[in-house]
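Colleague: Just passing along the structure, written as structure tokens.
Protein chains: 2
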Amino acid sequence: MGVTMAGSSVVYHSLMWCCSILPRWRITCYKGWTSAHFASAASYTTFHENWKVKSSKDSRHRVTKLWHVGLFRNRVFYCTSSAGAWEVPLTSERYGVQRLPFSHVSDKDLAFFEHTVPGRVITDPDMLKPFNVDWLKMVRGCSKVLLKPRISGEVSEILRYCNERNLAVTPQGGNTGLVGGSVPVFDEIILSTALMNQVISFNGVSGILVCQAGCILETLNQYVEEQEFIMPLDLGAKGSCHIGGNVATNAGGIRLLRYGSLRGTVLGLEAVLANGRVLNCLTSLRKDNTGYDLKQLFIGSEGTLGVITAVSILCPRKPKAANVAFLGCGSFAHVLETFKVCKGMLGEILSAYEFLDDECMKLVQKHLKLNNPLTGEGSPFYVLIETSGSNAGHDEEKLNNFLEQVISSGLVIAGTLATDETKIKALWALRERITEALTHDGYVYKYDISLPVEKLYDLVCDTRARLGKSAKNVVGYGHLGDGNLHLNITADSYQQTLLNAIEPFVYEWTAKYQGSISAEHGLGFKKKQHIYYSKPDEAVELMQKVKAMLDPRGILNPYKTLPTQGSH
Amino acid sequence: MGVTMAGSSVVYHSLMWCCSILPRWRITCYKGWTSAHFASAASYTTFHENWKVKSSKDSRHRVTKLWHVGLFRNRVFYCTSSAGAWEVPLTSERYGVQRLPFSHVSDKDLAFFEHTVPGRVITDPDMLKPFNVDWLKMVRGCSKVLLKPRISGEVSEILRYCNERNLAVTPQGGNTGLVGGSVPVFDEIILSTALMNQVISFNGVSGILVCQAGCILETLNQYVEEQEFIMPLDLGAKGSCHIGGNVATNAGGIRLLRYGSLRGTVLGLEAVLANGRVLNCLTSLRKDNTGYDLKQLFIGSEGTLGVITAVSILCPRKPKAANVAFLGCGSFAHVLETFKVCKGMLGEILSAYEFLDDECMKLVQKHLKLNNPLTGEGSPFYVLIETSGSNAGHDEEKLNNFLEQVISSGLVIAGTLATDETKIKALWALRERITEALTHDGYVYKYDISLPVEKLYDLVCDTRARLGKSAKNVVGYGHLGDGNLHLNITADSYQQTLLNAIEPFVYEWTAKYQGSISAEHGLGFKKKQHIYYSKPDEAVELMQKVKAMLDPRGILNPYKTLPTQGSH
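Line order of the protein sequences matches chains B and L.
Oh and the first sequence: position 7 is 7 in the numbering used here, straight run, nothing missing.
When you read off a place in the second sequence, starting at 1, and then add 568, the result is the number in the numbering used here.
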């Protein structure tokens, strides 16, 4: 019954090296010709007489390395980076981590793996390199073996064996995480979901998709779009990230505002426990109150409680109409006020309310050559509003009424509106490619914070004031509609003194306002020690009990998510 | 900072006996005068020339007993029943349950409780009666003491003591559950949340409400409606049920289709564990990925893992416009096809898609004197569609286009449309009061099933065919949009032979089509042994481990949710 989504067995062996830098996010290659199509928008419809039609140029970037290639129909998705793995210091050295007493992989172990997943055991050090380093080039492990199971039965065999042998395992999806959760810290075995890429079923009435964990998000979205549905989540890394990884990290993204979190849209999942037992909670029902909802344990547990091997997910209908407005606001207070008006006037068709500050705009202009679609001197803040609905005429009327209101009241000082797909993508690129622009700006200190919306930008201002010239750039952007700020600080290189000025300041500030120090990225390796800023001791203790119950030997993704015991 | 929601300390002492029967759902009493206002709709707007304007009459019902009275401003909410507690056989006798070796409450224990919650320890057997019986009059315990804490600190003290003394505890909210989960089986101490009825905070920008567990759902809805928001859930028992109980049972209801389940809308909660420790996960953030999402353990655990004492919940904006269409369909296939058309044409404004069969209609006509708003000979099936949106004109246009489509294509044979609140409520009463009508029809065998929508009504037909004349009525209704069927079978009295004909037939049928034997009601006492029809052994085993981890002595709501060990 399975539908092949990507011939990923080809993937590994097709790893290529090219000479141009490509943006990692949503890059499409047609018949060998590569273009960053988000930047290819030609023109924008202006909705205010003073706003002029603008054109943004095609951009060409150099590629140094392609990390992951997934074939789907005629398309190829690339996961790229501009830096080499060899430049990244070993995590264990940079952070001074002690290896836990796990066994080392022996020849006998390799023979077992080869027997279990024949031809899918990778031990070549060069081939292993990209899987040992995170995309941000901040953490690096030294795993000696990567396994590529195709079915949950193989994952079960592998884990049962590793548990008995006391071998540590790091599950890995698209390796697009930002907190070092998906790469080994030492020599953990990498268990890749890349070949678990089958759609199991899709119901065209209910919109329920059941698929293996290794399906790429964008590929799934294309698949369900053909049947007039969309995936309930969307994020910058969609071209590379795996749905299993999305669920394991409880990924948020831009559609959360409209369709809610994965805790609501994931209806079921299959997970393999540390001891190899397969837990089948792969139901396709919107409602199921028979006992405790075990799947929730695995959503957001970052591979530390089990390996997610399949998911059942509720897809919303594909909207018949979509519009994007890109607006300039004179102050953050106006961004907030515009949001209130927007919620009232756009109501059920509002599907995204994103913001970025002018510093972000300057970075995407400088490093990615994207154009600011708004003319004039620039605004201190920009807002991207997306609507999607079932009636184009109604949506446009609502949007026009809203724009009239925010313009006439002075909340918005400039703006542009897009209704066709190419232009919409070009506007989205301004927001979605900030992460990429930042990596070109130097070493990035990344913070993913939840706060009451009113407080959201105060943290950026306070951090900027505190760091002064010791930082290159301090920028703020994110999912305002969800109260989610991405605070990013760049410097020419990693500097411990700068880090000391940022932390624990940012965490203490966040805790003071009852915020979360990880809104949607997870804790992974890099933030696990900071959990106490957002969770009380009792909660962390209980999490540790849950971990001990499900993975008593601690073989699953060690050194991640939960703080080292006794460290508090 | 707390805002008093209900003077529930008054409640207990005001328990009254009247001489007329009142429907349990949403009854309002103004200055001592009682009217069932849902049935008071005057007229309907018809949208088809052949459909005539109808009037439904005011109905007056007799009250035999008021179970719970909560004062809020000038209103009083009643929870009533038409039968006396004394008629209900003891659960332990009817079902042959063995008491577990918990301690018995001693005078010393009572002295401790009196010291902890002075004046709020109920031991009078007459006063305890209504709290020992469920609303359906199917299960009865013999608790000797009921405690009414006001704050989580008191709950903590009580549980710490009970855990040490090995005293079993049954948490109880509005006692509106349908599976016997909220009343004791033996002499468990009843821990009522009735006095924990404070709103802690409400944010008018984000719509996040934080409140204590004992707030009544309808009271909360009125509170947030004053600030232009609504609660994300709505169910028939709203006038009595507590938000803590809703969360503890993961209640579904009619708004789930639009706003998703409590797993997505509950942002945080506070729970007291069996050992008395207070677990504070009461965050007010839409996104928080710091460690495992412990609150999910308590959502839907039916009071067996901890006592929920406060919740933080995301409220959607109050829609500016609401419409209800009540349609007649000639077959269930047409009900399904109408749903598909509806999803496509109403899209984001669709907020409910409910169905009932003609047998349900006949029951509400017969027992509650409600009128069928559709003229003619009646239809085999009825559909209630609710829309809610931010622009009345747009919504009406969408709805009219949709109705034109389904009428012209012959999917719908008759219908009526309501736009004002009174008429909308009158139409909703036809659907919401089916549960009540059933209790007047005799002993009710209730099943709350999730199935793929295509299969939903086949179960009713097959059950009807199987039971023949041994059942009085076999009816089907429910939340079609969520794939949730309420299958109900009535008989003049409880008959073991009839039960044997229904079970395990219904469960086996459901399991065959990968359905859930409890969609939204939970397992409680009555369905706990049937969990294996919907969950594999591995899952149940893991649930039992979770229970043992959080409540090692098993004092919290014993005999509920999980099957007796070794019974499978």
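Cβ atoms here follow ideal geometry from the backbone N, Cα and C, with glycine treated the same way.
The model shown is predicted, which means the values in this text are computed figures rather than measured ones.
#1: Given a limit of 9 Å on CB to CB distance, which residues of the segment 85-104 of chain B reach chain L?
#2: What is the DSSP secondary structure of E1109(L), reduced to helix, strand or coil?
#3: In the DSSP assignment, what are the bridge partners of T170(B)?
#4: Beta-carbon of L233(B) versus every beta-carbon of chain L: anything under 8 Å?
#5: By the 10 Å Cβ neighbour count, where 16 or more other Cβ atoms means buried, how is S956(L) classified, buried or exposed?
#6: When Cβ atoms are compared, which residues of the segment 1012-1028 of chain L fall closer than 9 Å to chain B?
#7: Quick check on this structure: which residue in E188(B), L363(B) and I151(B) has the alpha carbon closest to the alpha carbon of Q198(B)?
#8: Could you spell out where the alpha helix (DSSP H) holding K697(L) opens and where it closes?
#9: Can you tell me where the alpha helix (DSSP H) holding T219(B) begins and where it ends?
#10: When the Cα of C162(B) is compared with those of Y95(B), H104(B) and N401(B), which residue comes out closest?
#11: Kindly give me the distance between the Cβ atoms of A920(L) and E870(L), rounded to whole angstroms, as I take these residues to be in contact under 8 Å.
#12: So which residues on chain B does G1090(L) lean against when the C-beta distance must stay under 8 Å?
#13: What are the residues of the segment 495-514 of chain B that lie near chain L, defined by any Cβ-Cβ distance shorter than 9 Å?
#14: Here's the rule I'm using: 16 or more other beta-carbon atoms within 10 Å means buried, otherwise exposed. How should G574(B) be labelled?
#15: Is the Cβ-Cβ distance between V751(L) and T761(L) less than 8 Å?
#16: Give me the DSSP bridge partner(s) of V105(B).
#17: Which chain B residues sit within Cβ distance under 7 Å of C849(L)?
#18: Strictly below 8 Å CB to CB, what residues from chain L border A471(B)?
#19: Thinking C-alpha only, which one of K888(L), I811(L), V656(L) and C897(L) is nearest G741(L)?
#20: Can you list, in chain order, the residues of the segment 941-971 of chain L whose Cβ is nearer than 7 Å to any Cβ on chain B?
#21: Is it the case that the segment 848-867 of chain L contacts the segment 509-520 of chain B, given that we only count it when at least three CB pairs across the two stretches are under 8 Å?
#22: Since I believe F866(L) is in contact with L837(L) (beta carbons under 8 Å), could you give me their beta-carbon distance rounded to a whole number of angstroms?
#23: Excluding the five sequence neighbours on either side, which residues of its own chain have a C-beta within less than 7 Å of the C-beta of W593(L), listed in chain order?
#24: On the CB-based measure, 16 or more other CB atoms within 10 Å of its CB, does C461(B) come out buried or exposed?
#25: Going straight from the alpha carbon of G393(B) to that of G415(B), what length do you get?
#26: With a cut-off of 8 Å on the beta carbons, I'd call D107(B) and T304(B) a contact; round off their distance for me.
#27: So, are the CB atoms of Y382(B) and L327(B) less than 8 Å apart?
#28: Give the single residue among S450(B), V205(B), M361(B) and D134(B) whose Cα lies nearest to the Cα of D441(B).
#29: Tell me which residue opens and which closes the alpha helix (DSSP H) that L936(L) is part of.
#30: Let me check understanding here. Comparing Cα to Cα, which of K863(L), R845(L), K1023(L) and T1007(L) lies closest to W1077(L)?
#31: Any idea what DSSP makes of S493(B), helix, strand or coil?
#32: For R708(L), write down the residues that DSSP places opposite it in a beta bridge.
#33: From the beta carbon of M929(L), is the nearest beta carbon of chain B less than 8 Å away?
#34: Run down chain B in chain order and give the residues with a C-beta less than 7 Å from the C-beta of A1087(L).
#35: Would you decide whether A679(L) is buried or exposed? Buried here means 16 or more other CB atoms lie within 10 Å of its CB.
#36: Would you kindly check if the distance between the Cβ of A816(L) and the Cβ of P1126(L) is under 8 Å?
Modeller: So, from the listed chains and residues:
#1: Cβ contacts with chain L: none found.
#2: Looking up residue 1109(L) in the second sequence gives position 541. Three-state DSSP puts E1109(L) in a helix.
#3: As a first step, residue 170(B) is located in the first sequence; it is residue number 170 there, counting from the start. I190(B), per the DSSP bridge assignment.
#4: Here residue 233(B) corresponds to residue number 233 of the first sequence, with the count starting at 1. No, no contact with chain L.
#5: Taking the second sequence and counting its residues from 1, the one referred to as residue 956(L) is at position 388. Buried, because 16 or more other Cβ atoms sit within 10 Å of the Cβ of S956(L).
#6: Result list: D1016, S1018, L1019, P1020, V1021 and E1022.
#7: Translated into positions along the first sequence, residue 198(B) becomes position 198. When each option's Cα is compared against that of Q198(B), the closest is I151(B).
#8: Against the second sequence, residue 697(L) aligns to sequence position 129. Run containing K697(L): P693 to N700, per the alpha helix (DSSP H) assignment.
#9: Translated into the one-based positions of the first sequence, residue 219(B) becomes position 219. Residues L217 to E225.
#10: Walking along the first sequence from the start, residue 162(B) turns up at place 162. Of Y95(B), H104(B) and N401(B), the residue nearest in Cα terms is H104(B).
#11: Within the second sequence, the letter at position 352 stands for residue 920(L). Within the second sequence, the letter at position 302 stands for residue 870(L). The Cβ separation is near 26 Å, so there is no contact.
#12: The sequence position of residue 1090(L) within the second sequence is 522, counting from 1. By Cβ distance, chain B contributes N289.
#13: So the close ones are Q514.
#14: There is no way to answer for residue 574(B), as the model of chain B reaches only from 1 to 568.
#15: On the second sequence, position 183 is the one that residue 751(L) refers to. On the second sequence, position 193 is the one that residue 761(L) refers to. No, Cβ-Cβ distance for V751(L) and T761(L) is not below 8 Å.
#16: Position 105 of the first sequence holds residue 105(B). V105(B) is not bridged by DSSP to any residue.
#17: Taking the second sequence and counting its residues from 1, one reaches residue 849(L) at position 281. Here the neighbours are A539.
#18: Counting from one through the first sequence, the residue named residue 471(B) turns up at place 471. The contacting residues do not exist; A471(B) stays about 25 Å from chain L at best.
#19: Sequence index remark: in the second sequence, residue 741(L) carries index 173 (1-based). When C-alpha distances from G741(L) are compared across K888(L), I811(L), V656(L) and C897(L), the shortest belongs to I811(L).
#20: Within the segment 941-971 of chain L, the qualifying residues are G957, S958, N959, H962 and K966.
#21: Yes: the two stretches touch, three or more of their Cβ pairs being nearer than 8 Å.
#22: Counting from one through the second sequence, the residue named residue 837(L) turns up at place 269. Counting from one through the second sequence, the residue named residue 866(L) turns up at place 298. Contact holds; Cβ gap of about 6 Å.
#23: Start at 1 with the first residue of the second sequence, and residue 593(L) comes out as number 25. The predicted model places W593(L) with a pLDDT of 31, which falls under 50 and marks its position as unreliable; any figure quoted below should be read in that light. Same-chain partners within the cutoff: G804, A805, G807, E1000, R1001 and E1004.
#24: By one-based count along the first sequence, residue 461(B) stands at place 461. In this structure C461(B) is exposed. Its beta-carbon is surrounded by fewer than 16 other beta-carbon atoms within 10 angstroms.
#25: In the first sequence, the residue the question calls residue 393(B) occupies position 393. In the first sequence, the residue the question calls residue 415(B) occupies position 415. Taking the straight line joining both Cα atoms gives about 20 Å.
#26: Here the question's residue 107(B) lines up with position 107 in the first sequence. Here the question's residue 304(B) lines up with position 304 in the first sequence. Actually they do not touch by this definition, with Cβ atoms about 28 Å apart.
#27: The sequence position of residue 382(B) within the first sequence is 382, counting from 1. The sequence position of residue 327(B) within the first sequence is 327, counting from 1. Yes. Within cutoff.
#28: Here residue 441(B) refers to the residue found at position 441 of the first sequence. When each option's Cα is compared against that of D441(B), the closest is M361(B).
#29: Counting from 1 along the second sequence, the entry for residue 936(L) is found at position 368. Residues D926 to L936.
#30: Counting from one through the second sequence, the residue named residue 1077(L) turns up at place 509. That would be K1023(L), whose Cα lies nearest to the Cα of W1077(L).
#31: Taking the first sequence and counting its residues from 1, the one referred to as residue 493(B) is at position 493. Three-state DSSP puts S493(B) in coil, outside helix and strand.
#32: Here residue 708(L) refers to the residue found at position 140 when the second sequence is read from its first residue. R708(L) pairs with V701(L).
#33: The residue you call residue 929(L) lines up with position 361 of the second sequence. Closer than 8 Å to the CB of M929(L) there is not a single CB belonging to chain B.
#34: Position 519 of the second sequence holds residue 1087(L). Simply K287, D288 and N289.
#35: Position 111 of the second sequence, counted from the start, is the residue given in the question as residue 679(L). With fewer than 16 Cβ atoms within 10 Å of its Cβ, A679(L) is classed as exposed.
#36: On the second sequence, position 558 is the one that residue 1126(L) refers to. On the second sequence, position 248 is the one that residue 816(L) refers to. Note that the C-beta distance between P1126(L) and A816(L) is not below 8 Å.
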